[in-house]
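Beneath this line is the structure, given in structure tokens, with notes to follow.
There are 2 protein chains.
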Amino acid sequence: MAMQIKESLYEKDDVASMIEWLASYGLTEKQGVTRLLYSKAWVQAQRALKTEMEKVGLRTHFDSVGNLFGRLEGTNPGSKTILTGSHIDTVVEGGKYDGAFGVIASFLAVQRLHQTYGPPQKTIEVVSFCEEEGSRFPLTFWGSRNIQGVYGLDQVKGLMDSEGYPFLKAMKEAGFDPDTYITPVRDDIEGFVEIHIEQGSILEKNQKTIGVVSHIVGQRRYTIRVLGESNHAGTTPMHDRRDAVSAASEYISFLTSKAKEMDPHLVATVGKVDVFPNVPNVVAGEVAFSLDIRHHQEDVLNSFCREIFSTFQSHADGNEIQLEVAQWMDVVPVELSTEMNSLVREITENHKIPYQDIISGAGHDAQVFGSICPTCLLFVPSRDGISHSPREFTNIQDLEKGIDVLSDLLYKLAY
Amino acid sequence: MAMQIKESLYEKDDVASMIEWLASYGLTEKQGVTRLLYSKAWVQAQRALKTEMEKVGLRTHFDSVGNLFGRLEGTNPGSKTILTGSHIDTVVEGGKYDGAFGVIASFLAVQRLHQTYGPPQKTIEVVSFCEEEGSRFPLTFWGSRNIQGVYGLDQVKGLMDSEGYPFLKAMKEAGFDPDTYITPVRDDIEGFVEIHIEQGSILEKNQKTIGVVSHIVGQRRYTIRVLGESNHAGTTPMHDRRDAVSAASEYISFLTSKAKEMDPHLVATVGKVDVFPNVPNVVAGEVAFSLDIRHHQEDVLNSFCREIFSTFQSHADGNEIQLEVAQWMDVVPVELSTEMNSLVREITENHKIPYQDIISGAGHDAQVFGSICPTCLLFVPSRDGISHSPREFTNIQDLEKGIDVLSDLLYKLAY
């Protein structure tokens, strides 16, 4: 199965121009991309990708929710499928690389392998997932979770976007009539490979070109309501106050220092704070703050949560503060395929491409597949770590190196 | 000058019904009062008060900004004036007692003294200040600071309310044409006496009927902007963050504990916190929070501010945080007349009325007069410490005792 990809192979086609081409579907005035699930730009982009796939000899089809597949049939009869790809949807004013690069890289890798080596032994499919971001409707992984069989129409009935447009109506208008829905679940996937931009700055700082993702973190999100008593800022002595802002500040300071101290991979973020009544000369009676906690080991998440919430509660009890903790997200950590990652390390060492093992702090379609089949997730660097922004950028050399590694891996898996 | 007020004097007229009568100007559905400067309710209330003053033999006039005076001429020719009263304006959905009680109490006290003892030796004037709250236009003490000579038309040119209505237009329509403005400054005030609800719960807790205010606190207000860097909550390790929320939390925790520790009369309040972009899964790049600091001694305010701001700055420097501190209020502390307060203590002891010395944590017209003439400020209890709310309440016994003490003091000062 060992191979040497010819250098010339990578000069024929141009990943940079394909990035710009795909970004033209949903391009904004600020040179960002807004390509929301089932929007006009989304429909046009998926159809255009379908046409490109067909041009290079892939057999295409959409499933019931709009996941696009381009199939290169294997010569080995009855073989399972190696799936590779990423998502087509973006956040509002997102970048040109998030999701899109993974779709394009998979397309180019399979095209190049096909051109150079002909059909593989095992079937390879390129996938452009319909949705991952949760940026239009309040749910994420609509594409991959339908394939996994965890999501179906029940999850989106009654769901509306921020403008009150129903999910099922948008789905139907995009060409995917819920009345003809057949579950997109797949039981023929032998392995899944995704390449994605890092969306962080670790690779850039360490001057690495490839990140070999060992784990995708688990994520827990909470809203914590701190209920004290609203009072006059001038006439209420400090010791008589039940000040929700100062209580919340204690909790945030504590959880931040505890996260720093407990484990270098643990992150805990309070990104949203709302104060009531939020007036300079009134002691605040209520604060609601968000808490986003991520780590790749469930037991670290457990012990962090146990420790901070019990500390919050003791403080609250001692200060006549009422505390309400509501969890609204619980995604378990995923460990990616150690076998595939070994193959990737071999490949990068052969090509003398600088790489490192890395933990993904963001969610990806790969985490859905991680629970159903051996899965590999590769990163290329993000300039300044910026993502979800028109300033998102990865240089062409890194993109091409990513495609090299992906191609080699697919070769090792399917040829 | 010693006197014994006849008990019967206080049975004739009814403070409670007069409170309800004045509250009828601007009464809201929630049984609150909204009587904003130069509004229709305000105009009607000042005119109605003028009529009542005239009925009981006071000589009335409005000055150029709408302060209403009711004058009881002294028999001593060339005597200066003892001024007594409070403000007529309210906050939006305020209570029936804040300001209003002081105007009514002064009116009733002077009426009763006049009925019982005839004209005083020194002239007494009842005043209903046009504005103290700053609840319609963004300035406070428009009434008393015009009398003080510190404010004039220059301070309000171009000023608009939250609906874009110009100050000078509202003033003219209320009957006070800026073109005929003559400075309301007074240099004939020998002393000023104000009675007001406490707006806090100290008297109630200590079961006292009268608060003898020794000082009105100085107030400093700031907006503190904490500038860090916005980042992905999943991909940015804790030690690489410049998190504005966690920095602001450190500052708030520090200033709160420092205020508790430095002086029992010091209060420091962060009532307003605004976070940007305020999204759960994004490390916040910016926080702006308000800081309201009050104490009756300038040197305590100075040393507190020095200590907290230098600590904030050291923390910011060590964490690549940029700090912007903007002060937008600086009111100096005022010490009230020790001579008048001695008279008040004598009176309350004679009448066996429970009293205590108290520091006012809220601002009052008395603090403007405190810098130009001997000034006395008296408090009656507020039920549950509530003010600026339809739930504001003081029981009739306490109101009457307040009028008793005020009457006796005016007798001692003017008869």
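Going down the list, the protein sequences come from chains U and P. Each residue of the first sequence is one higher than the one before, starting from 1 at the first, in this note's numbering. Each residue of the second sequence is one higher than the one before, starting from 1001 at the first, in this note's numbering. Think of the CB as a built atom: it goes at the ideal place given N, C-alpha and C, for glycine as much as any other residue.
For residue i, list the residues DSSP reports as bridge partners.
i: U:V212; result: U:D357 and U:L378
i: U:Y251; result: Paired residue(s): none; U:Y251 is not in a bridge.
i: U:Q111; result: Paired residues: none, contrary to the question.
i: P:S1290; result: P:T1223
i: U:T311; result: DSSP lists no partner for U:T311.
i: P:R1059; result: P:R1071
i: P:M1160; result: P:P1166
i: P:E1324; result: P:R1225
i: P:L1268; result: According to the sequence displayed, residue 1268 of chain P carries Ala and not Leu. DSSP output for P:A1268 lists P:I1293 as bridge partner(s).
i: P:I1082; result: P:I1124 and P:G1191
i: P:F1276; result: P:E1286
Report back the beta-carbon spacing between residue i and residue j to the nearest angstrom; my notes put them in contact at under 8 Å.
i: P:P1184; j: P:S1064; result: 5 Å
i: U:D330; j: U:E132; result: Incorrect: roughly 18 Å between the Cβ atoms, too far for contact.
i: P:G1271; j: U:V282; result: 5 Å
i: U:V15; j: U:I396; result: 7 Å
i: P:H1215; j: P:I1359; result: 5 Å
i: P:V1126; j: P:V1110; result: 5 Å
i: P:V1344; j: P:C1376; result: 7 Å
Helix, strand or coil for residue i? Go by DSSP, reduced to three states.
i: P:Q1155; result: helix
i: P:T1075; result: coil
i: U:D365; result: helix
i: U:D240; result: helix
i: U:L227; result: strand
i: U:E29; result: coil
i: U:I88; result: coil
i: U:R306; result: helix
i: U:A233; result: coil
i: U:R391; result: coil
i: P:A1284; result: coil
i: U:G99; result: coil
i: U:V331; result: strand
i: P:G1402; result: helix
i: U:S337; result: coil
i: U:S106; result: helix
i: U:E346; result: helix
i: U:V185; result: coil
i: P:D1177; result: coil
i: P:G1218; result: strand
i: P:I1005; result: Model confidence at P:I1005 stands at a pLDDT of 34, short of 50, so the residue's coordinates are unreliable and nothing is read from them.
i: U:I419; result: In the structure as shown, chain U starts at 1 and stops at 415, and residue 419 of chain U therefore has no counterpart that could be examined.
i: U:K12; result: Note that U:K12 has pLDDT 43, beneath the 50 cutoff, so the model's placement of it is unreliable and no number is given.
i: P:V1150; result: coil
i: P:S1135; result: coil
Could you work out which residue in the options is closest to residue i when comparing CA atoms only?
i: P:V1279; options: P:Y1411, P:R1059, P:S1230 and P:K1205; result: P:S1230
i: P:G1361; options: P:Q1219, P:L1022, P:D1404 and P:R1225; result: P:Q1219
i: P:A1247; options: P:T1311, P:R1136, P:V1127 and P:K1096; result: P:T1311
i: U:F393; options: U:D14, U:S382 and U:I210; result: U:S382
i: U:I252; options: U:P333, U:E173, U:T269 and U:R242; result: U:T269
i: P:S1039; options: P:M1171, P:I1372, P:N1146 and P:K1401; result: P:M1171
i: P:L1068; options: P:A1288, P:P1354, P:L1301 and P:G1175; result: P:G1175
i: U:F379; options: U:G143, U:V193, U:G74 and U:Y222; result: U:V193
i: P:E1286; options: P:D1292, P:F1107 and P:P1277; result: P:P1277
i: P:Q1155; options: P:L1083, P:W1142 and P:F1369; result: P:W1142
i: U:K30; options: U:I19, U:T60, U:E93 and U:L49; result: U:E93
i: U:V437; options: U:Q44, U:W42, U:G385 and U:V334; result: An answer regarding residue 437 of chain U cannot be provided, because it is not within the stretch 1 to 415 covered by chain U.
i: P:Y1411; options: P:V1267, P:S1257, P:L1036 and P:I1124; result: P:I1124
i: U:T60; options: U:G32, U:H315, U:F107 and U:E204; result: U:F107
i: P:D1187; options: P:Q1207, P:K1352, P:L1168 and P:I1147; result: P:I1147
i: P:E1324; options: P:M1238, P:A1244 and P:S1342; result: P:A1244
i: U:Q46; options: U:A105, U:D89 and U:G78; result: U:D89
i: U:V275; options: U:R225, U:Q115 and U:T81; result: U:R225
i: P:G1164; options: P:D1177, P:K1055, P:P1138 and P:G1149; result: P:P1138
i: P:L1399; options: P:N1302, P:K1208, P:C1376 and P:E1320; result: P:K1208
i: P:G1318; options: P:L1159, P:R1391, P:V1110 and P:G1228; result: P:G1228
i: U:Y151; options: U:E173, U:A105, U:Y181 and U:K169; result: U:Y181
Exercise. Name the residues in the region 257-287 of chain U whose C-beta lies less than 9 Å from a C-beta of chain P; which are they?
Worked result: Hits within the stretch, in order: S257, A259, K260, P264, H265, L266, V267, A268, T269, V270, G271, K272, V273, D274, V275, P277, N278, V279, P280, N281, V282, V283, A284 and V287.
For this session: Can you give me, in chain order, the residues of the region 337-371 of chain U that have a beta carbon less than 9 Å from any beta carbon in chain P?
Result: Listed by position, the residues of the region 337-371 of chain U near chain P (Cβ gap below 9 Å) are S360, G361, A362 and G363.
Exercise. Just by C-beta distance, which residues in the region 1232-1243 of chain P are closer than 8 Å to chain U?
Worked result: Per Cβ criterion, the list reads H1232, A1233, G1234, T1235, T1236, P1237, M1238, H1239, D1240 and D1243.
Problem set entry | Residues in the region 182-200 of chain U having any Cβ partner in chain P nearer than 9 Å | Residues passing the 9 Å Cβ filter: E198, Q199 and G200.
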